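Peer 1: Each residue of the sequence shown is one higher than the last, beginning at 14 in the numbering used here. Even glycine gets a Cβ: it sits at the ideal position worked out from N, Cα and C. None of these values were measured; they are calculated from a predicted model. Please find one structure pasted underneath; my questions will follow.
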Amino acid sequence: MFLFTWLSYSQDNSKRIYEYITSTEKKWKIIKLRDTINAKIIFHIPAQRDCDENLVASMTIVKTQKGDTIRILDLCNSNKFQIDQNIKIAPAQKQSFIKVSVPFSFDENLETKMSEPNLKYDLKVLKTAWGKLIE
């Protein structure tokens, strides 16, 4: 009985997380970087593993020199960057037919013990660009 309950809970939570991620990504406003820009890192999640036939990206929230806050998706970048680190970001492009896994940040709700999205950036920073982070 416990195993069935745990599996049901786990499947419900996974489905809820998947629905959250897909609905959130649809709200992002994809922009194209025209030139290399300078920015400061506010938040960073590296790609969770190296790329193989399944592509993954890092997700970095940056503040540009112009004062814009944008999300940068960097394909196959598992490097770790520090908060407040100054970096350059070169333009990059993702082919529309390629499927890429993008990391999200979740915290455990202490009352329900379920994973809850960290809403600090997911829906507040909608401008999103593909780029290459350069140290």
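Among the residues of its own chain, which have a CB less than 8 Å from the CB of residue 20, if the five just before and after it don't count?
Peer 2: Note that residue 20 has pLDDT 35, beneath the 50 cutoff, so the model's placement of it is unreliable and the number below is only indicative. Within its own chain, no residue has a Cβ closer than 8 Å to the Cβ of residue 20 once the five positions on either side in sequence are excluded.
Peer 1: Alpha carbon to alpha carbon, how far is residue 65 from residue 38? Give it in angstroms, no decimals.
Peer 2: 23 Å
Peer 1: For the stretch 33–65, which segments carrying the beta strand (DSSP E) assignment without a break, of at least 3 residues, lie completely within its bounds, in sequence order?
Peer 2: 42–44 and 50–58
Peer 1: On the DSSP bridge assignment, give the partners of residue 141 in chain order.
Peer 2: 43 and 84
Peer 1: Go through its chain and collect everything with a Cβ distance to residue 76's Cβ below 7 Å, but skip five positions before and after it.
Peer 2: Around residue 76: 52, 53, 55 and 82.
Peer 1: Would you mind sorting residue 136 into buried or exposed? The rule is 16 or more other CB atoms within 10 Å of its CB.
Peer 2: exposed
Peer 1: I need the straight-line Cα distance from residue 105 to residue 88, nearest angstrom please.
Peer 2: 9 Å
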